[in-house]
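Undergrad: Heads up: the sequence lines are chains A and B, in that order. Going by our numbering, the residue at position 192 of the first sequence is 190; the numbering climbs one at a time, nothing skipped. Going by our numbering, the residue at position 59 of the second sequence is 376; the numbering climbs one at a time, nothing skipped. Here a beta-carbon is modelled for each residue, glycine too, at the ideal position from N, C-alpha and C. These numbers come from a predicted model, not from an experiment. Okay, handing you the structure first.
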Amino acid sequence: MYTNQINTRLLYPSFEYFEPATLEETVGLLAKYGEQATILAGGTDLFIKMKQGLIDPKVIIRIKQPSFIEEKPDGFHIGAATKFRTIEKSERITSKFPALLEAVRLIGSVQIRYMATLGGNLCNASPAADTAPPLLVAGAQVKIVGSRGTRTVALKDFFLGPGKTVLSKSELLTEVHIPMFQERTGTAFIRLSRASMDIAKISIAVLLQLDETKKITLAKIALGSVAPTPILTNKASEILTGKALTTETLNRAANTVAEEIRPITDIRGTAEYRKDVSHVIARDAIEVAHKRAKEN
Amino acid sequence: MTAKRTIRFTINGVRRKLDVEPNDLLMNCIRDQLHLTGTKYVCGIGECGACTVLLNGDPVLSCLTLALDADGKEIVTIEGIGENDRLDKVQQAFVDEGAVQCGYCIPGLIMMTESLLKENPTPTENEVRDYLRGNLCRCTGYMNVLRAITKAAAGGKNPT
């Protein structure tokens, strides 16, 4: 037994390792090993947890694919094994979806972003996952493949709790679909953390869609690190929808965000702090998204 | 536990073949099997950047990379920077600006600087700070490092 021993220099030879060449083979291995198996993508979370003795997987299944970014009429499709650095450098996606760029650029360090994958960030299901709020406001869907076939799940229904998703032990996340943005749509992402490499104390993403008269036709607000999963808020979005953005609606929506969230106190910040700053970052993010929507 | 596998790669321009276990980390293969000890082990959990090497040109943390991942690839470590006894412009700028104190973080910082200047030959100060935010210096000699990188970016001259 190697658990509870901390030696960050090496990985103990306590696992069987597979590097399947195809998706079918991966699904077959997942079906065979089930609970014992863990998927390895970039390794920047998995190996750290293994070194720290937090987990001790018996079987590791390595995936390097699918890694791609495609722009289709229905929006962007990103392979789950696509590395953050690739997303960051894809001007097609970052120019249309600045909130995603803002989130990705805050993840870890440059080295980490050359290693870590989008699918890994989502499947770890951290309440603080930086890519979750922007993808939630964009209405992203994820493609899941398992031995019983393929299914598509809205990202808002994907997370169940810290570290928990709707994925069964024999399923694999393969693709993230970001629906095409309409005209006059703007997005923004803001995160607060102690230092730049730290995990978020609180994060927020906003998407606003305007009509020709600058009236808001669609408003979505999502937050990280304020609940067991990244969440979409409803009441603040309702306040914004159907109106032009005035100081009054902006303040009311931002204050409603603070009322809607139920953060906890943890090592990174207190519940009071999170509530207090939430309306400030909400106001800033709404304003930036609004400005971008007017320019698009 | 699992059988050894043979990997083939190029390191600092030299073709090598190694037998590795699936749990072997690239950092340990470089240090213990190839005896290239310029690549440093510090935190082991992706916080400090001391183990940074270039894998097919990409800066990665060798303490969180499987040796198997190097199969068929090109690795550059700090030993591959400069030629014999001649320092390259980044190394020379670090020397000139007194950027090296205890020296333990320097191989990682140099590898990141090489990568930065390849991606962006004329970085702003903020771009330098952002690119190197994953490299910690326990001596806290960051200002001299920053000056050295600015100098290296200006072709080895102190920008006026």
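Determine the chain A residues that contact aspartate 375/B at a beta-carbon separation under 8 Å, and present them in chain order.
TA: The contacting residues are Arg83 and Tyr112.
Undergrad: Just the C-alpha distance for arginine 7/A and aspartate 264/A, rounded to the nearest angstrom, thanks.
TA: Rounded to whole angstroms, arginine 7/A to aspartate 264/A spans 29 Å at the Cα level.
Undergrad: Whole angstroms are fine: how far does the CA of aspartate 447/B sit from the CA of alanine 291/A?
TA: So the alpha carbons of these two residues sit roughly 28 Å apart.
Undergrad: Could you check what DSSP says for glycine 12/A in three-state terms: helix, strand or coil?
TA: The question names glycine, yet the displayed sequence has serine at residue 12/A. In this structure, serine 12/A counts as coil in the three-state DSSP scheme.
Undergrad: Starting from phenylalanine 179/A, trace the beta strand (DSSP E) both ways and give me its first and last residue.
TA: Segment: none, phenylalanine 179/A is in no beta strand (DSSP E) and carries neither H nor E.
Undergrad: Does DSSP classify glycine 118/A as helix, strand or coil?
TA: In the structure shown, glycine 118/A sits in a helix (DSSP, three-state: H, G or I).
Undergrad: Hey, leucine 426/B and valine 445/B are a contact pair by Cβ (cut 8 Å); roughly how many whole angstroms apart?
TA: About 11 Å; that fails the 8 Å criterion.
Undergrad: In the DSSP assignment, what residue or residues form a beta bridge with proline 376/B?
TA: BP columns for proline 376/B point to Leu371/B.
Undergrad: Given a limit of 7 Å on CB to CB distance, which residues of the stretch 319 to 341 of chain B reach chain A?
TA: Under the 7 Å Cβ criterion, the stretch 319 to 341 of chain B contributes Thr319, Glu338, Pro339 and Asn340.
Undergrad: Touching or not, the stretch 82 to 100 of chain A and the stretch 44 to 51 of chain A, by the rule of three or more beta carbon pairs under 8 Å?
TA: They do not touch, by the three-pair rule.
Undergrad: I need the straight-line Cα distance from aspartate 336/B to alanine 384/B, nearest angstrom please.
TA: For aspartate 336/B and alanine 384/B, the distance between alpha carbons rounds to 10 Å.
Undergrad: If you run the structure through DSSP and keep just helix, strand and coil, what is glycine 240/A?
TA: Of the three classes helix, strand and coil, the one that applies to glycine 240/A here is coil, per DSSP.
Undergrad: Assuming the contact rule is C-beta atoms closer than 8 Å, alanine 387/B and leucine 404/B should be a hit. Round their C-beta distance to whole Å, please.
TA: About 26 Å; that fails the 8 Å criterion.
Undergrad: What residues in the stretch 89 to 104 of chain A have a beta carbon less than 9 Å from any beta carbon of chain B?
TA: Residues passing the 9 Å Cβ filter: Arg103.
Undergrad: For the stretch 381 to 394 of chain B, enumerate the residues whose C-beta is nearer than 8 Å to any C-beta of chain A, in chain order.
TA: For the stretch 381 to 394 of chain B, which is checked against every Cβ of chain A, the residues closer than 8 Å are Leu381, Thr382, Leu383 and Leu385.
Undergrad: In chain order, what residues of the same chain have a beta carbon less than 7 Å from the beta carbon of isoleucine 311/A, not counting five sequence neighbours either side?
TA: The shown model of chain A, from -1 to 294, leaves out residue 311/A, and the question about it has no answer.
Undergrad: Between leucine 190/A and glutamine 350/B, what straight-line distance do the alpha-carbon atoms span, to the nearest angstrom?
TA: C-alpha separation (whole angstroms): 42 Å.
Undergrad: Report the CB separation of leucine 171/A from alanine 78/A in whole angstroms; it is logged as a contact under 8 Å.
TA: Going by Cβ atoms, the distance from leucine 171/A to alanine 78/A rounds to 5 Å, so yes, they are a contact pair.
Undergrad: Can you list, in chain order, the residues of its chain whose CB lies under 7 Å from that of glycine 137/A, leaving out five sequence neighbours each side?
TA: Around glycine 137/A: Pro177.
Undergrad: Should the stretch 113 to 131 of chain A be regarded as contacting the stretch 456 to 472 of chain B, the criterion being three or more beta carbon pairs within less than 8 Å?
TA: As far as the Cβ criterion goes, the stretch 113 to 131 of chain A does not touch the stretch 456 to 472 of chain B, which means the pair count is below three.
Undergrad: Comparing the C-beta of glutamate 42/A with each C-beta of chain B, is any distance below 7 Å?
TA: Going by the sequence as given, residue 42/A is threonine instead of glutamate. Threonine 42/A counts as touching chain B.
Undergrad: Would you be able to state if there are at least three C-beta pairs under 8 Å between the stretch 409 to 428 of chain B and the stretch 344 to 364 of chain B?
TA: Result yes; three or more Cβ-Cβ pairs closer than 8 Å.
Undergrad: For tyrosine 459/B, go through chain A and note every residue whose CB falls closer than 8 Å to its CB, in chain order.
TA: Within 8 Å Cβ-Cβ: nothing; tyrosine 459/B doesn't reach chain A, min ~13 Å.
Undergrad: Helix, strand or coil for isoleucine 284/A? Go by DSSP, reduced to three states.
TA: Three-state result, isoleucine 284/A: helix.
Undergrad: Name the residue from Thr244/A, Val108/A, Ile214/A and Leu134/A whose alpha carbon lies nearest to the alpha carbon of valine 151/A.
TA: Ranking Thr244/A, Val108/A, Ile214/A and Leu134/A by Cα distance to valine 151/A puts Leu134/A first.
Undergrad: So if I threshold CB-CB distances at 7 Å, which residues from the stretch 117 to 134 of chain A count as touching chain B?
TA: The stretch 117 to 134 of chain A vs chain B, Cβ under 7 Å: nothing.
Undergrad: Which residues, in chain order, does the stretch 353 to 368 of chain B contribute to contact with chain A at a C-beta distance below 8 Å?
TA: Residues passing the 8 Å Cβ filter: Tyr358, Cys360, Gly361, Ile362, Gly363, Glu364 and Gly366.
Undergrad: Using a Cβ-Cβ cut-off of 8 Å (strictly less than) and excluding sequence neighbours within five positions of isoleucine 105/A, which residues of its own chain qualify?
TA: Result list for isoleucine 105/A: Phe82, Arg111, Ala114, Asn119, Asp128 and Thr129, in chain order.
Undergrad: Just checking, does the stretch 53 to 67 of chain A make contact with the stretch 153 to 163 of chain A on the three C-beta pairs under 8 Å criterion?
TA: Verdict: no, contact absent.
Undergrad: Smallest Cα separation from valine 275/A: which of Ile188/A, Lys212/A, Asn294/A and Lys233/A?
TA: For the residues Ile188/A, Lys212/A, Asn294/A and Lys233/A, the minimum Cα distance to valine 275/A belongs to Ile188/A.
Undergrad: Per DSSP, which residues does arginine 333/B bridge with? Please list them.
TA: In DSSP, arginine 333/B forms a bridge with Phe326/B.
Undergrad: Are the C-beta of arginine 450/B and some C-beta of chain A separated by less than 7 Å?
TA: It does; some Cβ of chain A falls within 7 Å.
Undergrad: For the stretch 273 to 287 of chain A against the stretch 248 to 262 of chain A, do three or more pairs of beta-carbon atoms, one drawn from each stretch, fall closer than 8 Å, so that the two count as touching?
TA: Output reads yes: the stretch 248 to 262 of chain A touches the stretch 273 to 287 of chain A.
Undergrad: Is it true that the CB of leucine 381/B sits closer than 7 Å to the CB of glycine 363/B?
TA: Yes, they are a contact pair.
Undergrad: What do you reckon, are the CB atoms on glutamine 139/A and proline 376/B nearer than 7 Å?
TA: Cβ distance not < 7 Å, so glutamine 139/A and proline 376/B don't count as in contact.
Undergrad: Apart from the five residues just before and just after valine 295/A, which ones in its own chain have a Cβ nearer than 6 Å to its Cβ?
TA: The requested residue 295/A does not occur in the structure, where chain A is confined to residues -1 to 294.
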